[in-house]
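Residue 600 in this note's numbering sits at position 67 of the sequence shown; the count goes up by one each step and never skips.
Glycine is no exception: its CB is placed at the ideal position from the N, C-alpha and C atoms.
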Amino acid sequence: MSDIQYQAFETRQKERGIDIEAVKRELKALKVETPSWGYGDSGTRFKVFKKVGVPRDPFEKLDDAAVVHKLTGLTPSVAIHIPWDKVDDYTQLSEYAASLGLRIGAVNPNLFQEDDYMLGSITNADENVRKKAVDHLLECVEIAKEVGSDIVSLWLADGTNYPGQADIRKRKHWMEEALAQTYQALESGMRLLIEYKFFEPAFYHTDLADWGMAYNTAVKLGPQAEVLVDTGHHAQGTNVEHIVAYLLDEERLGGFHFNSRKYADDDLIVGAINPYELFLIFYQILAALRDDEHPGTQQTARRIAYMIDQSHNIEPKIPAMIRSLLNVQTYYAKALLIQWDELEDAQAKQDVLRAEACVREAFEQDVTPLLHAVREEMNVPRDPMKAFYESGYLDKIQERGVGGASW
Ligand code: AOS
Ligand code: ZN
Ligand code: ZN
Ligand code: ZN
């Protein structure tokens, strides 16, 4: 970027009535958590391709996450998955993270990989399986306390494949009992984020299938339970940004798992398939932050946990993560360029086309000069992807060989 390009951008935005300094402040405050599993090998049910240089343990996953944070300035925390990131000493893990300038973020229980869970975990008709699953949830709450994390995020694979296979309402009761026990174990200040997904691995019914069920469960549990929106977990055509606005208004939007989908839960790089949706999600969040009449909604919007949840099957992991973060930053930057006064005026006058134009025109702005300037001010490379390829880190991790961590 030349200064000329930035000057032109600034002039244009000033003409549009945008407070550039405020936009820059918001961009510098954006933080997105990366998932430990996004650095490991992952795949589809058909094949996991083993890549050279993939981290062999949770510590090496943190090493890679630290590189991403150093280059982007966006990712100070890393979500962990138990048992994929099981270690003997969690204090040691969090100290290691701190030594790299990171911290451990959301702790993700795993209730889907044990044979015992084939027919359900906390919804299993077998009381012993339910108990084992609850013990694991409680273990994860303890781990969160040990690593100093305030989030336990829960995704349940539980469901059935055939009509009549199980009693749907009994399973609902068991699920609510198990989550109530988990909730009781939270310390004040901790949050339980409840993720939903309409199918897969179960194909007939899923016990926590949609945002309404997750919301209702959260409300029953109490104020420390909130909904986690994974952008890939909806039926085709679902208006995800509407769900976001609704949950914000109900003060129950806890966080996001960002990724892209074309068909189902594809877990592709966020912003790769439908960047407008990502932008419109940020539009709803920024609108909530402006809503002075609803301080609870503003507070909810302010503490949203932004997380990436992707599965890098064919692409190199670290560059894929960097790409994802740059996409999030880009579409957030565009949403920050909405002319709110103009939009609110158009809405008040019910001028449909002017209102739509206000939103779309922000999306159409080229934010490249802005992002270059912000990165310079954040002391990170202007082009983090290029900087990564030039850093030599890819060569360095070759010594890890093939056969690193995978899920
Ligand atoms: C599964 O579809 C979900 O998106 C979960 O968030 C899951 O825990 C995560 O992908 C790690 O497996
Ligand atoms: Zn087939
Ligand atoms: Zn997810
Ligand atoms: Zn998913």
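Closer than 7 Å: is that where the CB of residue i sits relative to any heavy atom of ligand 4?
i    : result
K850 : no
G765 : yes
K795 : no
D691 : no
D941 : Beyond the ends of the chain as shown, which are 534 and 940, falls residue 941; an answer cannot be given.
D800 : yes
K730 : yes
L740 : Before going on, a small fix: residue 740 reads as Asp here, not Leu. No, the beta carbon of D740 sits no closer than 7 Å to any heavy atom of ligand 4.
Should residue i be listed as close to ligand 3, given that the test is whether its C-beta is under 7 Å from any heavy atom?
i    : result
H790 : yes
E759 : no
E783 : no
E733 : no
D618 : no
W688 : yes
D842 : yes
State the CB to CB distance for the pair residue i and residue j, rounded to an integer number of angstroms; the pair is presumed to be in contact (CB under 8 Å).
i    : j    : result
V556 : T608 : 21 Å between Cβ atoms; not a contact.
A797 : A639 : Not really, about 23 Å apart at Cβ, beyond 8 Å.
A735 : T693 : 6 Å
F791 : D743 : About 18 Å separates the two Cβ atoms, so there is no contact after all.
L813 : L869 : Incorrect: roughly 14 Å between the Cβ atoms, too far for contact.
I655 : A599 : In fact, because the Cβ distance is near 35 Å, the residues do not count as touching under 8 Å.
Q817 : E774 : 5 Å
L876 : V900 : The pair is not a contact, with the Cβ atoms about 18 Å apart (cut-off 8 Å).
I930 : V601 : In fact, because the Cβ distance is near 13 Å, the residues do not count as touching under 8 Å.
L719 : Y748 : Not quite, the Cβ-Cβ distance comes to about 18 Å (not below 8 Å), so this is no contact.
L560 : V907 : 5 Å
I676 : Y629 : Contact flag wrong, Cβ pair sits at about 15 Å.
I871 : A890 : Wrong, their Cβ atoms sit about 11 Å apart, outside the cutoff.
S569 : K594 : 4 Å
T833 : E784 : 5 Å
Identify the continuous alpha helix (DSSP H) that holds residue i and give its terminal residues.
i    : result
E647 : Careful: E647 lies outside any alpha helix (DSSP H) and carries neither H nor E.
E728 : Segment R724 to E728 is the beta strand (DSSP E) holding E728; no alpha helix (DSSP H) there.
E909 : T901 to E910
H706 : I701 to A718
D782 : V773 to D782
I814 : P808 to L822
D928 : Y926 to K929
S686 : No alpha helix (DSSP H) contains S686, which is instead part of the beta strand (DSSP E) from I684 to W688.
A555 : I553 to A562
A890 : V885 to F896
D536 : D536 to E548
P591 : P591 to T605
Output the boundary residues of the beta strand (DSSP E) element that contains residue i.
i    : result
M840 : A838 to I841
N641 : R636 to P642
D878 : Segment W873 to A881 is the alpha helix (DSSP H) holding D878; no beta strand (DSSP E) there.
G787 : L786 to F791
D799 : No beta strand (DSSP E) holds D799; DSSP gives it neither H nor E.
I847 : Counting along the chain, I847 falls outside any beta strand (DSSP E), and DSSP gives it neither H nor E.
H614 : S610 to I615
A938 : Element bounds for A938: n/a, residue is neither H nor E.
A758 : A758 to D763
Any heavy atom of ligand 1 closer than 7 Å to the CB of residue i?
i    : result
W744 : no
W707 : no
H669 : no
N641 : yes
H614 : yes
Does the stretch 807-815 come close enough to the stretch 854-874 to have 3 or more Cβ pairs within less than 8 Å?
Yes: the two stretches touch, three or more of their Cβ pairs being nearer than 8 Å.
Count the CB pairs spanning the stretch 750-761 and the stretch 657-668 that are closer than 8 Å, and state whether there are at least three.
no
When you compare the stretch 695-709 with the stretch 671-686, are there three or more beta-carbon pairs, one atom per stretch, that lie closer than 8 Å?
Output reads no: the stretch 671-686 does not touch the stretch 695-709.
Should the stretch 715-725 be regarded as contacting the stretch 617-636, the criterion being three or more beta carbon pairs within less than 8 Å?
no
Would you check if there are 3 or more beta carbon pairs closer than 8 Å linking the stretch 584-601 to the stretch 927-940?
yes
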